[in-house]
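*Asks:* Just so you know, the sequence shown maps onto residues 3 to 181 in the numbering used here. By construction, the Cβ of each residue, glycine as well, lies at the ideal position given by its N, Cα and C atoms. Quick one: the structure is below, and I'll ask about it shortly.
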Amino acid sequence: KSHRCPTRKEAENWISKTISECGDQMLKEADNAGKQIEVRVSDNMKVSVYIEYFLSLNVTNAGSRTREGYYSAAGYIVKSVANGGIGDLRLKDLSDRLINKFFDLMLDKYGQATIDKTYLVLSMALKYAYKKHYISENPIEDVKKPKSRKVTEKVEAYTEQEEKMILDKAKDFPEVYPM
């Protein structure tokens with residue numbers, strides 16, 4: 003389950019509490035601001051817990067809209083498998099097959115921008131996990147960025163004649179449409 007905290011202190015407390023359920027190997031990490039935080043990593047760490055941890059370390063200095071986009075994308079990842087996510091899987095059990103299956107469930111429901119952002123967040127998180135030796139291989143390396151299959155309505159532009167008619171009518175209402 004995704005969890006948003008309004009303050010950094012609340013985020014650190016939530017992460018510490020949640021990760022404490024995962025094992026007993028403690029690591030010291032520095033976040034983007036250089037502050038040291040303790041992290042527990044184990045074979046039982048769930049993807050949802052790791053994604054929250056990753057975002058807490060790596061998006062603290064990002065702009066508010068960027069952070070919002072990352073957390074929104076993370077929301078798709080951290081769902082349970084039953085709800086179309088991979089959040090309740092163990093981080094070490096992720097494979098390219100499972101990641102492809104996860105994205106395949108998204109392709110008919112979501113547009114390309116949502117899929118791209120979700121792929122970006124998952125890719126960054128797994129690259130970091132591999133770099134820090136939380137996982138022995140990066141399962142997203144062999145996963146091509148998926149393409150949305152969502153059917154969208156075709157939008158038709160006005161013809162020149164229709165544009166001219168609209169502008170002519172707008173002249174009748176100068177207080178609403180000053181020209």
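Per DSSP, what kind of secondary structure is K156 in: helix, strand or coil?
*Replies:* Counted from its first residue, the sequence shown places residue 156 at position 154. Coil, per DSSP.
*Asks:* When you compare only the Cα positions, how much space is there between V51 and N102?
*Replies:* On the sequence shown, position 49 is the one that residue 51 refers to. On the sequence shown, position 100 is the one that residue 102 refers to. The alpha-carbon atoms of V51 and N102 are separated by roughly 21 Å.
*Asks:* From V61 to M181, what does the alpha carbon distance come to, in whole angstroms?
*Replies:* Counted from its first residue, the sequence shown places residue 61 at position 59. Counted from its first residue, the sequence shown places residue 181 at position 179. Cα to Cα, the separation comes out at about 45 Å.
*Asks:* Give me the Cα-Cα distance between G65 and Y72, rounded to the nearest whole angstrom.
*Replies:* As a first step, residue 65 is located in the sequence shown; it is residue number 63 there, counting from the start. As a first step, residue 72 is located in the sequence shown; it is residue number 70 there, counting from the start. Distance between the alpha carbons of G65 and Y72: 11 Å.
*Asks:* Do three or more CB pairs link the region 83-97 to the region 118-138 at distances below 8 Å?
*Replies:* yes
*Asks:* At the level of alpha carbons, what is the spacing between K147 and Y160?
*Replies:* Position 145 of the sequence shown, counted from the first residue, corresponds to residue 147. Position 158 of the sequence shown, counted from the first residue, corresponds to residue 160. Taking the straight line joining both Cα atoms gives about 34 Å.
*Asks:* Less than 6 Å between C-beta atoms, sequence neighbours within five positions excluded: which residues of the same chain meet that for T120?
*Replies:* Here residue 120 refers to the residue found at position 118 of the sequence shown. Excluding positions up to five away in sequence, the list reads A75 and Y78.
*Asks:* Kindly indicate which residue of V123, L109 and E143 has the alpha-carbon position closest to the one of Y55.
*Replies:* What you label residue 55 is simply residue 53 of the sequence shown in a count that begins at 1. When each option's Cα is compared against that of Y55, the closest is V123.
*Asks:* Kindly list the residues whose CB is nearer than 8 Å to the CB of P141, restricted to its own chain and excluding five residues on each side of it in sequence; keep chain order.
*Replies:* Within the sequence shown, numbered from 1, the residue matching residue 141 stands at position 139. Only L96, S97, D98, L100, I101 and L128 meet the Cβ criterion.
*Asks:* On a Cα-Cα basis, can you pick out the residue from D144, A131, I88 and K149 that is closest to D110?
*Replies:* Start at 1 with the first residue of the sequence shown, and residue 110 comes out as number 108. For D110, the nearest C-alpha among the options comes from K149.
*Asks:* Using CA coordinates, which residue listed in K171, F104 and E70 is at the minimum distance from S82?
*Replies:* To locate residue 82, count along the sequence shown from 1; it is residue 80. If we check each option's Cα against that of S82, F104 comes out closest.
*Asks:* Within this structure, are the beta carbons of V49 and G86 separated by less than 7 Å?
*Replies:* Stepping through the sequence shown from its first residue, residue 49 is reached at position 47. Stepping through the sequence shown from its first residue, residue 86 is reached at position 84. If you check the CB distance, V49 and G86 do not come in under 7 Å.
*Asks:* Is N85 near the ligand HEM, with its Cβ less than 6 Å from a heavy atom?
*Replies:* Ligands in the displayed structure: none, and consequently the ligand HEM is not present.
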